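Novice: For the sequence shown, the positions run 4 to 379 when the working numbering is used.
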Amino acid sequence: MRIAVDAMGGDYAPREVIKGALEAVSKCPCEVILVGDKEIIQSELDKLGGSRGLPLLIKDAPEVIGMSEHPAMALRKKRNSSIKKAVELVKRGKARAVVSAGNTGAVMVAAKLLLGTLEGVSRPGIAVTLPARHGPFLLIDAGANVGSRPENLLEFAIMGHLYSRYIMGCDNPRVGLLSIGEEEVKGDGLMRTSFQLLRKATQLNFVGNVEAKEIFSNQADVVVCDGLVGNLALKVGEAAVSLMGYYLKGEFSKGLRGKLAYFLFKPSLERIKRRTDYEEYGGAPLLGVNGICIICHGSSNAHAIANAVKVACDFAEKRLNKRIEADLEAVKEGLGLGRKFWPSFRDWRDALRIRGERIEGEEALAGTSKEEGEEE
Numbered sequence: 004m005r006i007a008v009d010a011m012g013g014d015y016a017p018r019e020v021i022k023g024a025l026e027a028v029s030k031c032p033c034e035v036i037l038v039g040d041k042e043i044i045q046s047e048l049d050k051l052g053g054s055r056g057l058p059l060l061i062k063d064a065p066e067v068i069g070m071s072e073h074p075a076m077a078l079r080k081k082r083n084s085s086i087k088k089a090v091e092l093v094k095r096g097k098a099r100a101v102v103s104a105g106n107t108g109a110v111m112v113a114a115k116l117l118l119g120t121l122e123g124v125s126r127p128g129i130a131v132t133l134p135a136r137h138g139p140f141l142l143i144d145a146g147a148n149v150g151s152r153p154e155n156l157l158e159f160a161i162m163g164h165l166y167s168r169y170i171m172g173c174d175n176p177r178v179g180l181l182s183i184g185e186e187e188v189k190g191d192g193l194m195r196t197s198f199q200l201l202r203k204a205t206q207l208n209f210v211g212n213v214e215a216k217e218i219f220s221n222q223a224d225v226v227v228c229d230g231l232v233g234n235l236a237l238k239v240g241e242a243a244v245s246l247m248g249y250y251l252k253g254e255f256s257k258g259l260r261g262k263l264a265y266f267l268f269k270p271s272l273e274r275i276k277r278r279t280d281y282e283e284y285g286g287a288p289l290l291g292v293n294g295i296c297i298i299c300h301g302s303s304n305a306h307a308i309a310n311a312v313k314v315a316c317d318f319a320e321k322r323l324n325k326r327i328e329a330d331l332e333a334v335k336e337g338l339g340l341g342r343k344f345w346p347s348f349r350d351w352r353d354a355l356r357i358r359g360e361r362i363e364g365e366e367a368l369a370g371t372s373k374e375e376g377e378e379e
């Protein structure tokens, strides 16, 4: 099994990404294709002891999309970028999955443009694994979409349910809808209509609304929401953890008592850090695309990259995309919705825009060499 890894993506690329790839191939039965500037990658590999005898390949991609660049414009301008070339490997069947800690927007646009979506999926969603009191839970969508419709949230719920079951090992995942109150009448039109739709989906173990203050108390194993809401919840959570760390650091640095307290509590603090560290969960899959795309945190270190590769391998081995298509069809038919929802004006507009971008993307693909140029 080959996994394409964007070697140039992330705050600590390429060294930490390459170290993560080395760690991954030593633990997982896979080959890793490092995508990026060939000379830079080879130089880093030499500094780390070389890759002779290891299942590592290099795919040359001399251009890099920066974190602050506009995703779509950068992809059009930089057709030899590491992100685009890594996704192309999945498109052509040269790799089973792509892993990137680069520009999140560019990764999402490239995946949607080049891979397309699964049958029955109108919009992909980012599924983020987060820590909670009694074990991790899944939040979907964490930022791939703004202005979702109830049907999109139903798709997120089904995809999240399957990911929680087959990848996270939860037998009968409880699915909750992120809202401003537990009562079904709470929230805006999207939340109220989504509540009714999710409740009718008997294949789901729907537990109702979940308030933001309760998402970390394990009331649900899968928390479903619009991408804007999910991304805000995610960023607020990160900021709260950062603020707590700031306060603790200030207290522990106050004189001899503070330093003594730190010495006494250090083992406990390290255990808490391990339980809440995103590095342990690997990356976040973009569920719903016709391929496997794992998006990592921009500040991912080697361990986080290695775990993301492991997630990609598990995803491929469990054939999760086939399960998603089958369950979506069954749920929609059970609700009398069929395989496709009647498109809104926004859906038609987005479809025309994506079709134009996809044609341009296919033309760009046609202009590239069919030989992958992979080297040991």
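For every residue, glycine included, the Cβ atom is placed at its ideal position computed from N, Cα and C.
In this text, all values refer to a predicted model and were calculated from it rather than measured experimentally.
DSSP has Phe140 in a bridge; who is on the other side?
Specialist: Paired residue(s): Leu133.
Novice: Under 8 Å by Cβ, that's how I've got Thr196 and Val244 pegged, so tell me the actual separation to the nearest angstrom.
Specialist: Not confirmed; about 33 Å, so no contact.
Novice: Report the partner residues of Asn212 according to the DSSP bridge assignment.
Specialist: Leu180.
Novice: Quick one: Cα of Lys115 to Cα of Ala100, how far?
Specialist: Whole-angstrom Cα-Cα distance: 14 Å.
Novice: By how many angstroms is the C-alpha of Asp49 removed from the C-alpha of Leu290?
Specialist: Spanning the two alpha carbons is a distance of roughly 36 Å.
Novice: Please classify Gly96 as buried or exposed, where buried requires at least 16 neighbouring CB atoms within 10 angstroms.
Specialist: Label assigned to Gly96: exposed.
Novice: Name the residue from Ala64, Phe318, Leu180 and Gly184 whose alpha carbon lies nearest to the alpha carbon of Asp229.
Specialist: Cα-wise, what sits closest to Asp229 is Leu180.
Novice: Spatial neighbours of Glu186 within its chain, please: CB distance less than 8 Å, with the 5 preceding and 5 following residues excluded, ordered by chain position.
Specialist: Asn212, listed in sequence order.
Novice: Quick check on the burial criterion: 16 or more other C-beta atoms within 10 angstroms. Buried or exposed for Tyr281?
Specialist: Flag for Tyr281 reads buried.
Novice: With three or more C-beta pairs closer than 8 Å as the rule, is the region 23 to 43 touching the region 68 to 81?
Specialist: No, they do not touch.
Novice: Are the Cβ atoms of Leu141 and Tyr166 separated by less than 8 Å?
Specialist: Cβ distance < 8 Å, so Leu141 and Tyr166 count as in contact.
Novice: Based on the DSSP secondary-structure assignment, which residues constitute the bridge partners of Leu60?
Specialist: BP columns for Leu60 point to Ile36.
Novice: Can you say whether Ala10 is buried or exposed, counting buried as having 16 or more other CB atoms within 10 angstroms of its CB?
Specialist: It counts as buried.
Novice: Consult DSSP for Leu121 and reduce its assignment to one of helix, strand or coil.
Specialist: DSSP places Leu121 in coil when its eight states are reduced to three.
Novice: Ordered along the chain, which non-local residues of its own chain (more than five positions away) have a Cβ less than 6 Å from that of Ile218?
Specialist: Closer than 6 Å at Cβ, skipping near neighbours: Val226.
Novice: What does the alpha-carbon distance come out to for the pair Glu122 and Ala333?
Specialist: Going by the C-alpha atoms only, they are around 12 Å apart.
Novice: Should Thr107 be labelled buried (16 or more other beta-carbon atoms within 10 Å of its own) or exposed?
Specialist: The residue in question, Thr107, is buried, as its Cβ has 16 or more Cβ neighbours within 10 Å.
Novice: Check whether the Cβ atoms of Ala104 and Ile129 sit closer than 8 Å, and answer yes or no.
Specialist: No.
Novice: Can you list, in chain order, the residues of its chain with a C-beta nearer than 7 Å to that of Ala264? Leave out the 5 residues immediately preceding and following it.
Specialist: Excluding residues within five positions, the ones whose Cβ falls inside 7 Å are Phe255.
Novice: With C-beta atoms as the reference, is Gly163 less than 8 Å away from Val178?
Specialist: Yes.
Novice: Check the DSSP bridge columns for Gly128 and list the partner residues they point to.
Specialist: Beta-bridge pairing links Gly128 to Leu290.
Novice: Would you tell me roughly how many angstroms separate the C-alpha atoms of Trp351 and Gln206, rounded to the nearest one?
Specialist: Because Trp351 carries a pLDDT of 49, less than 50, the predicted location of this residue cannot be relied on, and the following value inherits that uncertainty. Trp351 and Gln206: Cα-Cα distance of roughly 29 Å.
Novice: According to the neighbour-count rule (16 or more other Cβ atoms, all chains shown, within 10 Å of its Cβ), is Phe159 buried or exposed?
Specialist: Burial call: buried.
Novice: Under the three-state reduction of DSSP, which class applies to Cys316: helix, strand or coil?
Specialist: Here Cys316 sits in helix by DSSP.
Novice: When the Cα atoms are used, what is the spatial distance from Gly285 to Val312?
Specialist: Gly285 and Val312: Cα-Cα distance of roughly 8 Å.
Novice: I need the DSSP call for Val8, collapsed to helix, strand or coil.
Specialist: Strand, per DSSP.
Novice: Between which two residues does the beta strand (DSSP E) holding Ile297 run?
Specialist: Cys296 to Ile298 is the span of the beta strand (DSSP E), which, as asked, contains Ile297.
Novice: Going by Cα to Cα distance, which pick from Asn234, Glu241 and Leu231 is closest to Pro134?
Specialist: If we check each option's Cα against that of Pro134, Glu241 comes out closest.
Novice: On a Cα-Cα basis, can you pick out the residue from Cys316, Arg326, Lys321 and Ser85 that is closest to Pro32?
Specialist: It is Cys316.
Novice: Are the CB atoms of Ile161 and Ile327 nearer to each other than 8 Å?
Specialist: Going by C-beta atoms, Ile161 is nearer than 8 Å to Ile327.
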